[in-house]
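Respectively, the protein sequence lines represent chains U and V.
Heads up, the first sequence is in numbering that gives the first Met the number 0, so the first residue is 0 and it goes up one at a time.
Heads up, the second sequence is in numbering that gives the first Met the number 0, so the first residue is 0 and it goes up one at a time.
2 protein chains.
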Amino acid sequence: MSVSTVSNVLNGRSRRMRPATRRRVDRAIARLRYRPSRAARQLRTGHARTIALVVPSVANPYWGTLAVHLETAAMRHGYQVVLCNTERDRRRERAYVAGLWQDGIRDIILGSALPSLEHVADFMARGLTVIALGLRPDAGGAAPAASITVDNYRGAVLATRHLLDLGHRRIVFLSDLPRVTSRLERIRGYRETMTGAGLATDTVLVWARGSANGGSDAGGADAGRGAARRLLSRRPRPTAILAGNDLCALGTLAAAREAGISVPAELSVVGFDDIALARVVTPPLTTVRQPAQAIARMAVEQLLRAQDRAAHPESVTLVVRPRLIVRSSTARIVDSNEGGVRSGLTHVPRPSTARGVAVGSGVSAIP
Amino acid sequence: MSVSTVSNVLNGRSRRMRPATRRRVDRAIARLRYRPSRAARQLRTGHARTIALVVPSVANPYWGTLAVHLETAAMRHGYQVVLCNTERDRRRERAYVAGLWQDGIRDIILGSALPSLEHVADFMARGLTVIALGLRPDAGGAAPAASITVDNYRGAVLATRHLLDLGHRRIVFLSDLPRVTSRLERIRGYRETMTGAGLATDTVLVWARGSANGGSDAGGADAGRGAARRLLSRRPRPTAILAGNDLCALGTLAAAREAGISVPAELSVVGFDDIALARVVTPPLTTVRQPAQAIARMAVEQLLRAQDRAAHPESVTLVVRPRLIVRSSTARIVDSNEGGVRSGLTHVPRPSTARGVAVGSGVSAIP
DNA sequence: GTGAAAGCGCTAACAT
DNA sequence: ATGTTAGCGCTTTCAC
Numbered sequence: 000m001s002v003s004t005v006s007n008v009l010n011g012r013s014r015r016m017r018p019a020t021r022r023r024v025d026r027a028i029a030r031l032r033y034r035p036s037r038a039a040r041q042l043r044t045g046h047a048r049t050i051a052l053v054v055p056s057v058a059n060p061y062w063g064t065l066a067v068h069l070e071t072a073a074m075r076h077g078y079q080v081v082l083c084n085t086e087r088d089r090r091r092e093r094a095y096v097a098g099l100w101q102d103g104i105r106d107i108i109l110g111s112a113l114p115s116l117e118h119v120a121d122f123m124a125r126g127l128t129v130i131a132l133g134l135r136p137d138a139g140g141a142a143p144a145a146s147i148t149v150d151n152y153r154g155a156v157l158a159t160r161h162l163l164d165l166g167h168r169r170i171v172f173l174s175d176l177p178r179v180t181s182r183l184e185r186i187r188g189y190r191e192t193m194t195g196a197g198l199a200t201d202t203v204l205v206w207a208r209g210s211a212n213g214g215s216d217a218g219g220a221d222a223g224r225g226a227a228r229r230l231l232s233r234r235p236r237p238t239a240i241l242a243g244n245d246l247c248a249l250g251t252l253a254a255a256r257e258a259g260i261s262v263p264a265e266l267s268v269v270g271f272d273d274i275a276l277a278r279v280v281t282p283p284l285t286t287v288r289q290p291a292q293a294i295a296r297m298a299v300e301q302l303l304r305a306q307d308r309a310a311h312p313e314s315v316t317l318v319v320r321p322r323l324i325v326r327s328s329t330a331r332i333v334d335s336n337e338g339g340v341r342s343g344l345t346h347v348p349r350p351s352t353a354r355g356v357a358v359g360s361g362v363s364a365i366p
Numbered sequence: 000m001s002v003s004t005v006s007n008v009l010n011g012r013s014r015r016m017r018p019a020t021r022r023r024v025d026r027a028i029a030r031l032r033y034r035p036s037r038a039a040r041q042l043r044t045g046h047a048r049t050i051a052l053v054v055p056s057v058a059n060p061y062w063g064t065l066a067v068h069l070e071t072a073a074m075r076h077g078y079q080v081v082l083c084n085t086e087r088d089r090r091r092e093r094a095y096v097a098g099l100w101q102d103g104i105r106d107i108i109l110g111s112a113l114p115s116l117e118h119v120a121d122f123m124a125r126g127l128t129v130i131a132l133g134l135r136p137d138a139g140g141a142a143p144a145a146s147i148t149v150d151n152y153r154g155a156v157l158a159t160r161h162l163l164d165l166g167h168r169r170i171v172f173l174s175d176l177p178r179v180t181s182r183l184e185r186i187r188g189y190r191e192t193m194t195g196a197g198l199a200t201d202t203v204l205v206w207a208r209g210s211a212n213g214g215s216d217a218g219g220a221d222a223g224r225g226a227a228r229r230l231l232s233r234r235p236r237p238t239a240i241l242a243g244n245d246l247c248a249l250g251t252l253a254a255a256r257e258a259g260i261s262v263p264a265e266l267s268v269v270g271f272d273d274i275a276l277a278r279v280v281t282p283p284l285t286t287v288r289q290p291a292q293a294i295a296r297m298a299v300e301q302l303l304r305a306q307d308r309a310a311h312p313e314s315v316t317l318v319v320r321p322r323l324i325v326r327s328s329t330a331r332i333v334d335s336n337e338g339g340v341r342s343g344l345t346h347v348p349r350p351s352t353a354r355g356v357a358v359g360s361g362v363s364a365i366p
């Protein structure tokens, strides 16, 4: 039998083939444990069966977890995953993408996307498939093959409302410098909710010093701690802090502990991501969940879909509804007492039996 | 000029070349921004410039951090890093390695190595370069190109002695099922130190249920929590727990909190790894540090060294001395009172100003 | 010291 | 429906 027949089988072009032939090929492949050479394929097609995962840093457990799930999903379809830690630097990100393109990698998942994809638009025009994570549906400029994102705006609204419902009024949003869209959206959700309630907005942004130290910074826990320390020495002190992500929230918890401020009795803290450790820390963290596994799977599905550019040229946005997971880092404040006289405030901690309450869920697709 | 000349330059065979020629080539390369095609190179040489990082799961922040540092170091030498999460399964590990070999990958870093490398020995015989992390220097069977490991035995000794010095007697070692060498060594260090002090040994091992759930388990925090919960209901209760790694220690902290047991007043906890979060949790964790960045760098260096098999055929072991980082999860117990009458015990917590004390440091090489 | 030429293992256009 | 064949971009003998 000829090589082209085998090649046809390998590449799913077996429709017009005699079933018997196809079976013979399949059997031979199985018997010989034949597996095509990636290198030769790539040399010929110019396309590596490799997905590049471009994220700030897998030292952040959220991205680490996503990486694991992505690898699992990718492997099922014969794809490898290569790792690119960009520390959210725009130029570094572009340099990475250029290198990946050079290496014949045509599929990348851009985690924590910058507000626009302009810096890699030329590669996209040449045929790079990018799946953007955390890009706004209405982002201008070059459109990715697919954009998958938790509704960050809504997540922040959920979190802010939760705090408002608990009686908090002096709520601060704490984040390292927001370079990525997701963060900006979260801030927007916080601001609009606060303003809508007739309250003053207070957003504290810090440079993550850690960005220079090669990823061991755990993506902002230290930054969060430093900023929270200063924040908590303000008078009147905020009664609640909404953190840009879980790591930042853990840093806040640490700062509160150092300052002798009890959480949630004297301070409520909400995170974002729901990393595995969120339920393990003291106190267990109330947070907005981003379902990493689901997102990883969707990313691979979309990549595969986009593979056939002819059949699916359109750009798709998948918006995942976030869920607020209520644990024990948030509690009711009985008397909000606008002026902020501290003695007038009383906090009643939630019973620690609360295991986590989900608010909202589901996925909606915007074609 | 001819292609072979360029090829010679590219592959560092420029010694016998006229310097002027060499310069001409270099300039042309720079001007054209020429970069050789990985695929073609690989097809020709059978060797991909790619390092596979084989670890239990990058959802564990320790491996995530190591992955980031590895990627940085690898990139400096023109290598990519592909990710393989094996969940510590021997068969899965072998299957991965077989696939990697198929794909022309000849360099792998085996994190958290199993006690022996037998399951991949055939590939090593065929030319696979493996750098093993956490393998015992005296491990039998096939020898890796290099083995890099923190002295796990010594680390556990340091940790155990620390607890002993603080007056603890009922010290339990808590770990998920120890399939990897590093864990076994830690247990050995704990046991011998305890026995040497004339004390009874108590090792609690749990199946990490999380191993099935695809890496979102955060590598044992949940398992640690569950096991610690049961452990802490024993009478007499242990006064100190030595955890198999930091994640497990964080789980222990959670269990103690749930049981209303205060750390370090009523229970001391020691971890292993020193992940970035160890200093951020409540209370900050006393732990044995494994320097991820240094280890990642050494791994790449050794890989490069081993590349030239002719010049460096020998197998090398690098043993890194662990440091005990004392934070606030351990405290003195004044009266050890052998019988274990609870009312006889008094714990004096360390002042929370303790920032971390290093005991021991340095690297020793055993050729 | 430099150049010419033979493939590495595939895919796809073309021939049958 | 199946077979033949020309490269993809490099490395590496082997002549010169």
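Note that CB positions come from ideal geometry on N, CA and C, so glycine has one too.
Just so it is clear, the structure is predicted and the values come from calculations on it, not from any experiment.
From the beta-carbon of glycine 250 (chain V), the residues of chain U found nearer than 8 Å are Val279.
Rounded to the nearest whole angstrom, the C-alpha separation of alanine 155 (chain V) and valine 315 (chain V) is 23 Å.
Nearest to alanine 264 (chain V) by C-alpha distance, out of V:Phe271, V:Gly270, V:Leu252, V:Ala275, is V:Leu252.
Within the segment 8-42 of chain V, contact with chain U at the beta-carbon level (separation under 9 Å) is assigned to Arg34, Ser36, Arg37, Ala38, Ala39, Arg40, Gln41, Leu42.
Taking 9 Å as the cut-off between beta carbons, the residues of the segment 221-249 of chain U near chain V are Asp221, Gly223, Arg224, Leu246, Leu249, in sequence order.
Close to chain V, meaning a Cβ-Cβ distance shorter than 8 Å, are the following residues of the segment 101-125 of chain U: Gln101, Asp102, Gly103. Rounded to the nearest whole angstrom, the C-alpha separation of valine 203 (chain U) and arginine 233 (chain U) is 12 Å. Taking a beta-carbon distance threshold of 8 Å, leucine 127 (chain V) does not count as an interface residue toward chain U. DSSP places asparagine 7 (chain V) inside the alpha helix (DSSP H), whose first and last residues are 2-9.
Glutamate 70 (chain V) has a beta carbon lying within less than 8 Å of a beta carbon in chain U.
Every alpha helix (DSSP H) stretch that sits fully inside the segment 88-165 of chain V and reaches 4 residues is listed by chain position as 89-101, 120-125, 151-164. Any Cβ of chain V closer than 8 Å to the Cβ of arginine 331 (chain U) would place that residue at the interface, and such an atom is absent. Per DSSP, the unbroken beta strand (DSSP E) holding threonine 49 (chain U) starts and ends at 47-54.
Cβ contact annotation for glutamate 92 (chain U) (same chain, cutoff 6 Å, sequence separation greater than five): Thr85, in chain order. In terms of Cβ geometry, glycine 243 (chain U) and aspartate 175 (chain U) form a close pair [threshold 8 Å]. In the three-state DSSP reduction, aspartate 273 (chain V) falls in the coil class, being neither helix nor strand. Under the 8 Å criterion on CB atoms, valine 149 (chain U) is classed as non-interfacial with respect to chain V.
Alanine 47 (chain V) sits close to alanine 38 (chain U), with the two beta carbons spaced by under 8 Å. Against chain U, a Cβ distance below 7 Å from valine 80 (chain V) picks out Val81, Leu82. According to DSSP, residue pairing for serine 174 (chain V) in a beta bridge involves V:Leu204. Counting other Cβ atoms within 10 Å of its Cβ, glycine 77 (chain U) stays below 16 and is therefore classed as exposed.
Arginine 185 (chain V): not part of any beta strand (DSSP E); member of the alpha helix (DSSP H) spanning 180-195, first to last residue. When V:Arg320, V:Val171, V:Arg322, V:Gln301 are compared, the shortest CA-CA separation from proline 312 (chain V) is found for V:Gln301. Counting only the Cα atoms, aspartate 88 (chain V) lies some 20 Å from leucine 127 (chain V).
Less than 8 Å separates the beta-carbon of valine 8 (chain U) from that of arginine 21 (chain U). The beta-carbon of arginine 256 (chain U) is placed less than 8 Å from the nearest beta-carbon of chain V. For the pair arginine 190 (chain V) and threonine 238 (chain V), the CB atoms are not nearer than the 8 Å cut-off.
Of the candidates U:Met123, U:Arg153, U:Met74, U:Met123 places its Cα closest to the Cα of alanine 97 (chain U).
In this structure, alanine 254 (chain U) sits near alanine 227 (chain U), with a CB-CB distance shorter than 8 Å.
The beta-carbon of leucine 276 (chain V) is placed less than 8 Å from the nearest beta-carbon of chain U. Going by DSSP, alanine 38 (chain U) is part of the alpha helix (DSSP H) stretching over 37-44. Bridge pairing for asparagine 84 (chain U): U:Val54 [DSSP]. A direct Cα-Cα distance of roughly 11 Å separates valine 67 (chain V) from tryptophan 62 (chain U). Between alanine 253 (chain V) and chain U, the shortest Cβ-Cβ separation is below 8 Å.
Note on the segment 226-261 of chain V: whole alpha helix (DSSP H) runs with a minimum of 4 residues are 245-257, in chain order.
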